[in-house]
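Below is one structure; the comments refer to it alone.
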Amino acid sequence: MTLKHRGILRLGYVRLAVDDLDAARAFARDDLGLVEHRTGIDPDGVERSYLRTWREGYAFSYVLERGTPGLVEIGLQVREQDDLHEAADRVEQTGVTVDWAGQDKVLLDLGASISFTVPAGPQLRLYSEALVTGPVVGYNSPHWNVPKQLRATSAPMNLGHVGFTTPDTEAVVNFLTVVLDFGVSELITTDDGEQTLSALLFRSNYGQDLAIFPGSEPRLHHVAFLQYDDATILRDVTWMREAGAEIDLWGPTRQSYGRTMSVHFKDPCGIRYELFAGGRFSELHPAFQPVRWTESNLDKALSFYDSIDNPDFLKPCL
């Protein structure tokens with residue numbers, strides 16, 4: 003008998019709408035160093051760019067489209083079609099409407115999927131099948147060196163996580179943990195511990211697939227890509243500054259919340275990116291306990307080296 007990891011396996015993609023697709027696409031490709039799988043006008047009449055990192059095996063993990071700026075949806079991959087039906091049943095039992103879509107109907111090279119909006123949160127799309135193209139260096143004895151054409155860019159390794167804001171963090175965390183079986187790796191509460199302000203949720207072993215921040219409405223906070231090590235982050239911030247990106251006030255810093263070395267910055271369209279190295283190991287086991295932070299320790303949690311007030315960091319970007 004084989005024991006399967008059922009349900010959601012991983013964060014599959016992030017899909018954003020921007021008013022200046024040309025600028026966002028150019029930055030993602032030429033400065034951030036993502037690989038473009040395809041670009042053009044899809045059958046639904048929307049112009050899109052499908053991108054991924056050079057190490058990722060699926061055709062895309064990041065989709066930019068022309069439209070009113072905002073977070074369109076977050077894609078989460080499940081193991082098989084039966085998981086879609088099970089997830090749909092569980093979501094519908096909460097009173098949330100689930101929409102089904104066939105292969106290539108929503109995004110090209112994406113299989114059948116379901117979508118729904120998390121109460122007080124973003125739209126999620128679950129799917130089991132997507133086109134596999136393989137990493138740029140291939141599967142046959144790859145050297146795993148950054149491809150030459152990307153060596154003047156940051157060229158991150160993988161999509162790491164996506165952050166979004168919500169007016170009700172506790173409601174979103176409850177839905178994701180109870181209905182979709184996410185785990186909580188870290189959280190920030192009020193000093194009395196009575197209210198959850200922020201949380202890092204996971205289905206993989208990397209500690210965070212979704213990062214939740216407080217806000218007036220569900221909006222994008224940031225898109226994060228994994229890098230090789232701390233030294234790479236210092237190199238990247240130099241290149242991002244040269245490219246004209248708006249570097250966050252804290253600059254490259256150690257984020258104890260999530261245990262990463264990170265730098266946050268914005269592209270010409272206002273998309274906040276994070277490049278990070280490190281992270282925490284997590285596991286979906288009942289004995290796993292989240293790390294807890296309180297509001298009075300917020301500065302140490304978000305930027306260990308600083309005591310600078312940085313309220314803009316908690317604001318959404320799109």
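The opening position of the sequence shown corresponds to residue 3 in my numbering, with each subsequent residue numbered one higher. Each residue gets a CB set at the ideal place from its N, CA and C atoms; glycine is no exception. Predicted, not measured: the structure shown is a model, and the values here were computed from it.
| Item | Value |
| --- | --- |
| In or out: Ala2 buried (at least 16 other Cβ within 10 Å) or exposed? | Absent from the structure is residue 2, since the part of the chain shown begins at 3 and ends at 320. |
| How big is the Cα-Cα spacing for Asp352 and Asp193? | This structure gives no information on residue 352, because the portion of the chain shown stretches from 3 to 320. |
| Out of Ser284, Ala154, Ser200, which one is the CA nearest neighbour of Ser187? | Ser284 |
| Counting pairs of Cβ atoms below 8 angstroms between the segment 230 to 243 and the segment 294 to 308, do you hit three or more? | no |
| Should the segment 28 to 39 be called in touch with the segment 153 to 164, which here means at least 3 C-beta pairs below 8 angstroms? | yes |
| Using 8 angstroms as the cut-off, can you tell me whether the segment 154 to 174 makes contact with the segment 96 to 112, which would need three or more C-beta pairs spanning the two stretches below that distance? | no |
| Measure how close the beta-carbons of Leu13 and His145 come, nearest whole angstrom, since I'm counting them as under 8 angstroms. | That pair is no contact at about 27 angstroms. |
| Please return the same chain residues whose Cβ sits closer than 6 angstroms to the Cβ of Tyr52, not counting the five positions on each side in sequence. | His39, Arg40, Phe62, Val65 |
| Who are the Cβ neighbours of Arg17 in its own chain at under 6 angstroms, not counting the five residues just before and after it? | Val65, Val74, Glu75 |
| Cα-Cα, which of Arg8, Gln229, Gly69, His224 is closest to Leu23? | Gly69 |
| Within its chain, find whatever has a CB closer than 6 angstroms to the CB of Pro45; leave out the 5 residues flanking it on each side and keep chain order. | none |
| Give me the Cβ distance between Pro202 and Ala213, rounded to the nearest whole Å; I'm assuming they're in contact under 8 angstroms. | It is Leu, not Pro, that sits at residue 202 in the sequence shown. The pair is a contact, with the Cβ atoms about 5 angstroms apart (cut-off 8 angstroms). |
| Going by DSSP, name the residue or residues bridged to Asn268. | Contrary to the premise, residue 268 reads as Lys rather than Asn in this sequence. BP columns for Lys268 point to Glu248, Arg274. |
| Could you spell out where the beta strand (DSSP E) holding Asp101 opens and where it closes? | 101 to 103 |
| Write down the C-beta distance between Gln79 and Ser130 rounded to the nearest angstrom, noting that I regard them as a contact closer than 8 angstroms. | 7 angstroms |
| Glu219: buried (16+ other C-beta within 10 angstroms of its C-beta) or exposed? | exposed |
| Note the first and the last residue of the continuous alpha helix (DSSP H) segment covering Ala90. | 83 to 94 |
| For Gly260, tell me which candidate among Ile273, Ala233, Lys302, Leu286 has the shortest Cα-Cα distance. | Lys302 |
| Could you tell me whether the Cβ atoms of Gly104 and Pro169 are closer together than 9 angstroms? | no |
| By the three-class DSSP mapping on this structure, what secondary structure does Leu53 have? | strand |
| Can the beta-carbon of Arg274 be found less than 9 angstroms from the beta-carbon of Phe267? | yes |
| Compute the Euclidean distance between the alpha carbons of Val181 and Ser258, then round it to the nearest angstrom. | 29 angstroms |
| At the level of alpha carbons, what is the spacing between Met3 and Thr198? | With a pLDDT of 43 at Met3, under the threshold of 50, the predicted position of this residue should be treated as unreliable, and no value is reported. |
| On the CB-based measure, 16 or more other CB atoms within 10 Å of its CB, does Thr171 come out buried or exposed? | buried |
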